[in-house]
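Protein chains in written order, with the working numbering: chain E, 770 to 1037; chain H, 2 to 318.
Written below as structure tokens is the structure these notes are about.
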Amino acid sequence: MDVALSAAGRRLLRALFVLVVLFLYAPILILLVFSFNDSQLPSFPLSGLTLDWYAEFFHDPELGDALETSAIVAALSSVGAVVLGTLASLALVRRRFVGKSAVSALLLSPLVIPYVVFGISLLLFFHAVGVERGVLTVVVGHIVISLPYTILVLVPRLEQIDVSLEEAAQDLGASRLRTFRSVTLPLIAPAIVAAFLIALTTSFDEYAVASFVVGDRATFPIYLYGALRFPSRLPEVIAVAVVVMLASLTVVVGAEIGRRVAERRLAA
Amino acid sequence: MGGGEGSLTARSAAADAAADLPPPARRGRRLLHADPATPALLGLPLAWLGVFFLVPIGIVAGYSLDALSIEPGPHALTLAGWRELVHEGVYLGLFWKSVQMSLLVSAVVVVLAYPLAYYLALSGTKRKYVLLLILIAPFLTSYLLRLLAWKVILGSQGVVNSFLFWTGLRDADHPLGQLLYSRFAVVLVLAYVWLPFVALPIFVSLESLDRRLLEAASDLGARRWQAFLQVTLPLSAPGVVAGFLFVFIPTVGEFVTPSLVGGTSGYMYGNQIVDLFGSGFPDWRTGAVLALFLLVVVAALTAVFARFLQFRQVTAG
């Protein structure tokens, strides 16, 4: 006898699981269907197939600019967050120092700050020091937001690495920097890549904080938010949505499969 | 992640949950001494957070006390803004409304996610990680775009209404009006957004449950539901609390979802803060007071429940 679930309970939970998954994916599928619908209004009955909306967004210069701005912001902020996160994680895992719990609390606190509060704080800060809002002000904010995520990915990985490897390198005469470059860095490389990807996707999708500190050049979420307020642009935005969602789902699933394959190879 | 605050926690937690990591190697102690290199490692990250995180919050505090102001000229420090918050019930009322909406969203999401996590963790299904990935994948797509999907579905000419007209279930002159731009829409969309995420911490806590405890309960004559109520549920409580807080904390200050699907009845505390800094009738002092009040509440919640938030791996040691 199964101690956790009866046969009927199992069937019930499986049915619930299927229902919830349908609920989660139905809106995405509905967008997919209406992205091919030949009508200004996304409503029933479907009026015919078209690829116009896809063509339209490929030729939308504003969208292209927004994607480019977001790519720049995401690249800069994720490099920044990973560098800062690696430094902080090394200190948290490999060093003893006074006030460590306070330091780690501070490093992780951007996880829980309401973004509306952080956005406004940054806005007032840049206002106070007289900095024009622009691409770099968004980058600054995104580094703060992404930093704790990179630490949450890097610290467990660093903890897994046997310190004796680093000690051996140092006993053999390697300097600290050399030890990091030749021993630690290769060992945490997968975690660094993961941290980088997390920071990248966070930044690319971040609207709340960016909405306060963005300048004239809209990022992709800022552009989307604007477009959502104009019904005439809805079909085109739906097409964009489908492409972006399928792309991100592919990346997620691909990354997961890649990780499994790598793990299996390591285990073998 | 737009207003999807905290979503990244989801990702890292997802990675942790799915990774099935072996226990950390025993750490040697030789490199763990006080060291002049520590400031070199910590200097940059701490300086960054100091300048771009703590100082900005300090500036908000300055505005809330009139130490800083948009109006030129000298100012005396005053608590007028804070007094206004307490005495004018409007803002606290709105805060309370946001708290209620967030409690509802968090409760709905936890109640729905628990059986799913239970199924994945304890039914013995071989594909639990694949199913988990299927469950959380929507969470990893764009927040704004999932919001867009609901706008398309719930609109007065949207998918639901037009389907009802088309099938004749409803007269085209009388669409279901409360679907979009309502408190209902905000709660529905937020629950939709957070549901996949919240299954994670619950799954992790159920996964680590020792099945032998359930076997022991069963051997001692407990029925399944008794074992569930007295063993499984208490042992998975940390995951439930973590999931609840991970949703509740960002939802109290939410402003993106209500601004897109909330209309006036879905207007939340976060929208009020944004509007006080907006171009209409800006009132930075009151806005700063509201923002800081929210921050204090969230910080207090975080401090009280810190041990449930599963940051221990980082803070320990």
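Cβ coordinates follow ideal geometry from the N, Cα and C atoms, glycine included.
When DSSP reads this structure, residue 806 of chain E sits in a beta bridge with E:818. Between residue 156 of chain H and residue 123 of chain H, the C-beta spacing is not below 8 Å. Residue 937 of chain E: member of the alpha helix (DSSP H) spanning 932–940, first to last residue. In the structure shown, residue 82 of chain H adopts helical secondary structure according to DSSP, grouped into three states. Proximity of residue 994 of chain E to chain H, defined by a Cβ-Cβ separation below 8 Å, is satisfied. If you draw a straight line from the Cα of residue 305 of chain H to the Cα of residue 871 of chain E, it is about 15 Å long. The continuous alpha helix (DSSP H) containing residue 93 of chain H extends over residues 90–123. Residue 255 of chain H sits buried, since 16 or more C-beta atoms from the chains shown fall within 10 Å of its C-beta. Residues 987 of the same chain have their beta carbon placed closer than 8 Å to that of residue 995 of chain E, with the five preceding and five following residues left out of the count.
If you check the CB distance, residue 799 of chain E and residue 188 of chain H do not come in under 8 Å.
From the listed residues H:130, H:125, H:160, H:139, the smallest Cα separation to residue 1020 of chain E is found for H:139. Rounded to the nearest whole angstrom, the C-alpha separation of residue 86 of chain H and residue 291 of chain H is 8 Å. The C-beta of residue 808 of chain E comes no closer than 8 Å to any C-beta of chain H. Contact residues of the region 778–808 of chain E toward chain H are 778, 779, 782, 783, 785, 786, 789, 790, 792, 793, 794, 796, 797, 799, 800, 803 (C-beta to C-beta distance below 8 Å). Residue 896 of chain E carries a helical assignment under DSSP once its states are collapsed to helix, strand and coil. Taking a beta-carbon distance threshold of 8 Å, residue 182 of chain H does not count as an interface residue toward chain E. Collapsing the DSSP output to three states places residue 825 of chain E in a helix. Here residue 209 of chain H carries a coil assignment [DSSP, helix/strand/coil]. By the criterion of a C-beta distance shorter than 6 Å, residue 274 of chain H is surrounded in its chain by 288, 291, 292, once the five residues flanking it on both sides are discounted.
Between residue 997 of chain E and residue 261 of chain H, the beta carbon gap of about 6 Å places them in contact (Cβ cut-off 8 Å).
Interface criterion not met: the Cβ of residue 68 of chain H is under 8 Å from no Cβ in chain E. Cα atoms of residue 192 of chain H and residue 107 of chain H: separation of roughly 7 Å, rounded to the nearest angstrom. Spatial neighbours of residue 910 of chain E in its own chain (CB-CB distance under 6 Å, excluding positions within 5 residues in sequence) are listed in chain order as 891, 978, 982.
Note on residue 82 of chain H: 16 or more other CB atoms within 10 angstroms of its CB, so buried under the neighbour-count rule. In the three-state reduction of the DSSP assignment, residue 63 of chain H falls in the helix class. DSSP places residue 249 of chain H in the uninterrupted alpha helix (DSSP H) bounded by 234–253. For residue 917 of chain E, the enclosing alpha helix (DSSP H) begins and ends at 904–929.
Separation of the CB atoms of residue 989 of chain E and residue 877 of chain E is rounded to 27 Å, and the pair is thereby denied contact status at 8 Å. If you check each beta-carbon in the region 835–864 of chain E against every beta-carbon of chain H, the ones closer than 7 Å belong to 853, 856, 857, 859, 860, 861, 863, 864. Interface flag for residue 216 of chain H against chain E is set, since a Cβ pair is found closer than 8 Å. Per DSSP, residue 966 of chain E is one residue of the alpha helix (DSSP H) stretching across 954–974. Interface residue (Cβ-Cβ distance to chain E less than 8 Å): residue 203 of chain H is not classified as such. Judged by pairs of C-beta atoms under 8 Å, the region 910–927 of chain E touches the region 852–861 of chain E, as three or more such pairs exist.
Out of H:160, H:65, H:136, the CA that lies nearest to the CA of residue 791 of chain E is found in H:136. As for any alpha helix (DSSP H) of minimum length 4 sitting wholly inside the region 159–224 of chain H, the runs are 160–167, 184–208, 212–220, ordered along the chain. For residue 276 of chain H, the uninterrupted alpha helix (DSSP H) run begins and ends at 270–277, by DSSP.
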